[in-house]
């Protein structure tokens, strides 16, 4: 019997690689990194770009002759080369693949063995100092990564520093950053089923509007709504931004802060005052307050809570069905002074209601969604298995997003995310991908689907 994971893979079409056009890069001053960010700006550039999916050297046919990849996932997170300083005596590491874009792409790639790997899209801005080892690593994943070379600038680099415990982390940029906008997405990436955004509330609103407008412009006859997954940047998770946050929630499908970021919006530290540990009660209370602020909107909160796992909170209401046909339009109702007019015959109005044989008003029953409130534990319960938490949250969201794109429920998607994060935190840097002929590929010697099924069995027992 096929697993949900295998069924989802069948729904994700493989494709050959496509050529990417030169992209205009627009800069502004928001903040982003790998689960921790700072502010920096850089000059706009117009780099040389190309797409890789299987091989960068496959240029024997024109782009019109090649099958375009159906993209299940794309991230708007930046590509960053990381330097990490740990608490002594653990040694520092320099020049490793990092950034929210890289780790979220990893999360989606874990569930996309080749050739389905071509359904994963991201943008890599390659400067003059780009490490060859990083280029080889990206190539080995066989994704639809858009590689944009600009020898006039340095690759974006960031510093990560840990203090005291691995939970307390600092970040700063070492070189000018190169942030992404809707204009940077190729036509293929623009039509991704799921889109990962990592930004402030106001910038999230702008990105959703810009991406949606471009999707309609590029493919007006086949337009479909993207699944937007929003990861707030920690610097702007403050009480001053709470109103902007609540105004952003109706525009996205999933909002996923970590417990510290969620508490920041509420103006507290999210810790238990007696033990000093993360307060699960505070997480639940904050989610209830956010959901309560938008009672007529349907959206999901997935809070990442470190070794406690994640908490899913989804408000209920009427179940909404998506339009069956592309670009389906609904007839506009014009009520200039409301539905009732001064000369409305109220007796005739109510007499028109359908009545059953007993004379009672008969109404079509509406299916209600009761909502969700659920904790899902972290995959690793043994702390010794966690070597470096860097990028775990971004990887979680890549796994969650690609699961939603392939038809999984929000709860199952969070399980995919938890499994994805488990691979990211088992070592410094990226997990090791191994391919052996027709055998299933492995990451850190483990088949991803086997870990997924084992985790599902564990938490259901």
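In our numbering, the protein residues as written are 272 to 732.
The C-beta atom is built at its ideal place from N, Cα and C for all residues, glycine as well.
Residue burial classification, residue i (beta-carbon count within 10 angstroms, cutoff 16)
i: residue 340; result: buried
i: residue 606; result: Confidence at residue 606 is low in this model, with a pLDDT of 45, below 50, so its placement is unreliable and the value that follows should be read with caution. Answer is exposed; the Cβ neighbour count stays below 16.
i: residue 488; result: exposed
i: residue 532; result: buried
i: residue 728; result: exposed
i: residue 453; result: buried
i: residue 459; result: buried
i: residue 419; result: buried
i: residue 403; result: exposed
i: residue 471; result: buried
i: residue 484; result: exposed
i: residue 492; result: exposed
i: residue 568; result: exposed
i: residue 359; result: exposed
i: residue 560; result: exposed
i: residue 586; result: buried
i: residue 645; result: exposed
i: residue 413; result: buried
i: residue 400; result: exposed
i: residue 725; result: exposed
i: residue 710; result: exposed
i: residue 669; result: buried
i: residue 457; result: buried
i: residue 659; result: buried
i: residue 723; result: buried
i: residue 554; result: buried
i: residue 702; result: buried
i: residue 666; result: buried
i: residue 363; result: exposed
i: residue 495; result: exposed
i: residue 449; result: buried
i: residue 546; result: exposed
From the options, residue whose alpha carbon lies closest to that of residue i
i: residue 346; options: 653, 377, 366; result: 377
i: residue 407; options: 548, 440, 393, 368; result: 368
i: residue 379; options: 732, 672, 686, 721; result: 672
i: residue 577; options: 587, 562, 522, 652; result: 652
i: residue 443; options: 451, 409, 506, 490; result: 506
i: residue 422; options: 445, 396, 409, 698; result: 396
i: residue 503; options: 434, 390, 534; result: 534
i: residue 381; options: 705, 725, 730; result: 705
i: residue 522; options: 557, 563, 480; result: 480
i: residue 394; options: 698, 348, 658, 357; result: 348
i: residue 564; options: 455, 684, 520; result: 520
i: residue 732; options: 698, 648, 384, 441; result: 648
i: residue 654; options: 665, 344, 530, 580; result: 580
i: residue 392; options: 362, 375, 398; result: 375
i: residue 373; options: 663, 686, 556; result: 663
i: residue 656; options: 682, 698, 433; result: 698
i: residue 445; options: 486, 495, 370, 410; result: 370
i: residue 361; options: 516, 389, 433, 417; result: 433
i: residue 464; options: 642, 384, 482, 544; result: 482
i: residue 700; options: 650, 411, 583, 405; result: 405
i: residue 642; options: 584, 684, 688; result: 584
i: residue 708; options: 385, 364, 357; result: 385
i: residue 417; options: 389, 537, 661; result: 389
i: residue 730; options: 343, 690, 712; result: 690
i: residue 451; options: 462, 468, 441; result: 468
For residue i, the residue or residues it bridges with in DSSP
i: residue 714; result: 704, 717
i: residue 431; result: 355, 442
i: residue 646; result: 582
i: residue 470; result: 503
i: residue 415; result: 392
i: residue 572; result: 526, 584
i: residue 346; result: 467
i: residue 367; result: 353
i: residue 549; result: 542
Distance cut-off 7 Å: residue i Cβ against heavy atoms of the ligand GTP
i: residue 380; result: Of the ligands one can find in the structure shown there are none, so the ligand GTP has no counterpart to examine.
Is the stretch 567 to 581 close to the stretch 523 to 534, with three or more CB pairs under 8 Å? yes
Pick out the complete alpha helix (DSSP H) segments inside the stretch 483 to 546, 4 residues or longer, and give them in chain order. 513 to 519, 530 to 537
Assess contact between the stretch 426 to 433 and the stretch 347 to 360, defined as three or more Cβ pairs (one per stretch) separated by less than 8 Å. Is contact present? yes
Between the stretch 683 to 697 and the stretch 716 to 724, do at least 3 Cβ pairs fall closer than 8 Å? yes
Does the stretch 507 to 516 come close enough to the stretch 472 to 488 to have 3 or more Cβ pairs within less than 8 Å? yes
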